[in-house]
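Peer 1: I'd like to ask some things about the structure below.
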Amino acid sequence: MAFPANIRIVLVEPETSGNVGSAARALWTLGLSELVVVAPRCDPRDVEAYRLAHAAGCVLDSLQIVPTLETALAGTVFSVATTRRRRRVAYPVFLPAEAVSQLKQRCPDQPAAIVFGRESSGLTNPELALCSIHSSIPCAQEDHSLNLAQAVLVYCHELHQASLAPHEAQFEWRLVEHSEMEHFYARLERLLERLGAHPATTMENYLARFRRVFSRMALETRDVRLLHKLLTRIEAAQASPCPPPSADG
């Protein structure tokens, strides 16, 4: 089974069925399907779970309920334990994207797991020791964390992102050629002279300021056409100035 479909999501002793349902929705929406629940403290298939699963009822239908984390990890070759609390034994703790990167590199097609702890207390130290690496979601509020379903969503999203091919915006840039820009600058210079522009130094230096502005932009041919239209309007207005208002009487 290819990544990320080979990744199972394991919930250890979830306490509320709503979180199980919301987690199922996160899996289904982001292309995952294997949900394993260890010794749940709630009914993971009650009405509330299906209500919050929305269209992901199929994930709840097929979820596995097992007695221990060891059973949930059976057959996997690599596992990620999610944790928020600092532990006495210092393990390296990876960001979600880093942990998912390791999953993808080590287990492109072999079974692996991401393990989530109880809503109230997380994973125990012995449970953490069963997993290959540890991972944590950094939060702005240091002593707080996301709830179970939200944490599952973060990791499912990272799994989905890691499965996507590199994406570039589908847009064909038609950048203006050098000769077109020089034609524009020449026309701009003629217009400035007709308007009586009096630069502080020389016209060449004055134009260099315009060049400095436009050279920082990825101008397309159509952009320069728009600038030419603007110059045309200015030239027309300069050639046919409005007559002064007539005096009364």
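With the working numbering as the guide, the letters of the sequence shown map in order to residues 998 to 1246.
Think of the CB as a built atom: it goes at the ideal place given N, C-alpha and C, for glycine as much as any other residue.
In the structure shown, what three-state DSSP assignment does Val1035 receive?
Peer 2: Along the sequence shown, one-based indexing puts residue 1035 at 38. Residue state for Val1035 is assigned as strand, using DSSP reduced to three classes.
Peer 1: With distances taken from CA atoms, which of Asn1016, Arg1171 and Pro1105 is nearest Phe1113?
Peer 2: Position 116 of the sequence shown, counted from the first residue, corresponds to residue 1113. It is Asn1016.
Peer 1: Considering Cα atoms alone, identify which of Pro1123, Glu1177 and Val1056 is closest to Thr1218.
Peer 2: Translated into positions along the sequence shown, residue 1218 becomes position 221. The shortest C-alpha separation from Thr1218 is found at Glu1177.
Peer 1: Let me confirm a value: Val1044 is counted as buried when at least 16 other C-beta atoms fall within 10 Å, else exposed. Which label applies?
Peer 2: Locating residue 1044 in the sequence shown gives position 47, counting from the first residue. By the neighbour-count rule (16 or more Cβ atoms within 10 Å), Val1044 is not buried but exposed.
Peer 1: Look at the alpha carbon of Val1056 and the alpha carbon of Gln1167, and state the distance between them as a whole number of angstroms.
Peer 2: As a first step, residue 1056 is located in the sequence shown; it is residue number 59 there, counting from the start. As a first step, residue 1167 is located in the sequence shown; it is residue number 170 there, counting from the start. C-alpha separation (whole angstroms): 34 Å.
Peer 1: Beta-carbon separation of Leu1032 and Ile1006 under 7 Å?
Peer 2: What you label residue 1032 is simply residue 35 of the sequence shown in a count that begins at 1. What you label residue 1006 is simply residue 9 of the sequence shown in a count that begins at 1. Going by C-beta atoms, Leu1032 is nearer than 7 Å to Ile1006.
Peer 1: Measuring only the C-alpha atoms, how far is Arg1191 from Lys1226?
Peer 2: Taking the sequence shown and counting its residues from 1, one reaches residue 1191 at position 194. Taking the sequence shown and counting its residues from 1, one reaches residue 1226 at position 229. Answer to the nearest angstrom: the Cα atoms are 17 Å apart.
Peer 1: Leaving out five residues before and five after Gly1246 in sequence, what residues of the same chain have Cβ atoms less than 7 Å from its Cβ?
Peer 2: Reading the sequence shown from its first residue, position 249 is the one you call residue 1246. With a pLDDT of only 45 at Gly1246, under 50, the local geometry of the prediction cannot be trusted, and the value read off the model is given with reservation. When the five nearest sequence neighbours on each side are left out, no beta carbon in the same chain lies closer than 7 Å to the beta carbon of Gly1246.
Peer 1: Looking at the secondary structure, which residues open and close the beta strand (DSSP E) in which Ala1050 lies?
Peer 2: Counting from 1 along the sequence shown, the entry for residue 1050 is found at position 53. It is not in any beta strand (DSSP E) - Ala1050 instead sits in the alpha helix (DSSP H) that spans Val1044 to Ala1050.
Peer 1: Could you tell me whether the Cβ atoms of Thr1079 and Ser1132 are closer together than 7 Å?
Peer 2: Against the sequence shown, residue 1079 aligns to sequence position 82. Against the sequence shown, residue 1132 aligns to sequence position 135. Cβ distance < 7 Å, so Thr1079 and Ser1132 count as in contact.
Peer 1: Using 7 Å as the threshold, is the C-beta distance between Glu1012 and Arg1038 below it?
Peer 2: To locate residue 1012, count along the sequence shown from 1; it is residue 15. To locate residue 1038, count along the sequence shown from 1; it is residue 41. Yes, the pair counts as a contact, with Cβ atoms nearer than the cut-off.
Peer 1: Closest to Glu1010 by C-alpha separation, out of Val1063, Leu1024 and Ala1021, would be which residue?
Peer 2: Counting from 1 along the sequence shown, the entry for residue 1010 is found at position 13. Nearest of Val1063, Leu1024 and Ala1021 to Glu1010, Cα basis: Val1063.
Peer 1: I'd like the span of the alpha helix (DSSP H) that includes Val1074, first residue to last.
Peer 2: By 1-based counting over the sequence shown, the position of residue 1074 is 77. Here Val1074 belongs to no alpha helix (DSSP H), and DSSP marks it neither H nor E.
Peer 1: Where Ala1183 and Ile1231 are concerned, what is the direct C-alpha to C-alpha distance, given to the nearest angstrom?
Peer 2: Locating residue 1183 in the sequence shown gives position 186, counting from the first residue. Locating residue 1231 in the sequence shown gives position 234, counting from the first residue. Distance between the alpha carbons of Ala1183 and Ile1231 is about 15 Å.
Peer 1: What span of residues does the beta strand (DSSP E) with Ala1109 cover, start to end?
Peer 2: Position 112 of the sequence shown, counted from the first residue, corresponds to residue 1109. Residues Ala1109 to Phe1113.
Peer 1: Please classify Ile1062: does DSSP put it in a helix, a strand, or coil?
Peer 2: Position 65 of the sequence shown, counted from the first residue, corresponds to residue 1062. Here Ile1062 sits in strand by DSSP.
Peer 1: Considering just the uninterrupted stretch of the beta strand (DSSP E) at Val1009, what are its terminal residues?
Peer 2: One-based indexing of the sequence shown puts residue 1009 at position 12. Where Val1009 is concerned, the enclosing beta strand (DSSP E) stretches over Ile1004 to Val1009.
Peer 1: For Met998, which residues of its own chain have a beta-carbon under 8 Å away from its beta-carbon, when the five flanking residues on both sides are left out?
Peer 2: Counting from 1 along the sequence shown, the entry for residue 998 is found at position 1. The residues are Asp1106 and Pro1108.
Peer 1: Mapping DSSP to helix, strand and coil, what is Phe1091?
Peer 2: Taking the first residue of the sequence shown as 1, we reach residue 1091 at position 94. Correct three-state label for Phe1091: strand.
Peer 1: For Ser1160, which option in Ser1098, Arg1209 and Leu1189 has the closest C-alpha, if you only look at C-alpha atoms?
Peer 2: Here residue 1160 refers to the residue found at position 163 when the sequence shown is read from its first residue. Comparing Cα-Cα distances from Ser1160 to each of Ser1098, Arg1209 and Leu1189, the minimum goes to Ser1098.
Peer 1: Within the continuous alpha helix (DSSP H) that includes Ser1019, where are the two ends?
Peer 2: Within the sequence shown, numbered from 1, the residue matching residue 1019 stands at position 22. Per DSSP, Ser1019 belongs to the alpha helix (DSSP H) from Ser1014 to Thr1026.
Peer 1: Count the other CB atoms, across all protein chains shown, that sit within 10 Å of the CB of Thr1073; report buried if there are 16 or more and exposed otherwise.
Peer 2: Against the sequence shown, residue 1073 aligns to sequence position 76. Under this definition Thr1073 is a buried residue.
Peer 1: Residues in the same chain with beta-carbon distance under 8 Å from Val1210, minus the five sequence neighbours each way, listed in chain order, please.
Peer 2: As a first step, residue 1210 is located in the sequence shown; it is residue number 213 there, counting from the start. For Val1210, where only same-chain residues beyond five positions count, there are no Cβ hits under 8 Å.
Peer 1: Quick one: is Glu1155 buried, meaning 16 or more other Cβ sit within 10 Å of its Cβ, or exposed?
Peer 2: Start at 1 with the first residue of the sequence shown, and residue 1155 comes out as number 158. Buried, because 16 or more other Cβ atoms sit within 10 Å of the Cβ of Glu1155.
Peer 1: In the DSSP output, what is Gly1119 paired with across the bridge?
Peer 2: Stepping through the sequence shown from its first residue, residue 1119 is reached at position 122. Arg1115, per the DSSP bridge assignment.
Peer 1: Which residues in the same chain have their Cβ closer than 7 Å to the Cβ of Leu1150, if we skip the five residues on either side of it in sequence?
Peer 2: In the sequence shown, the residue the question calls residue 1150 occupies position 153. So the list reads Ala1023, once near-sequence residues are dropped.
Peer 1: Is the beta carbon of Val1035 closer than 7 Å to that of Leu1060?
Peer 2: Locating residue 1060 in the sequence shown gives position 63, counting from the first residue. Locating residue 1035 in the sequence shown gives position 38, counting from the first residue. Contact: no.
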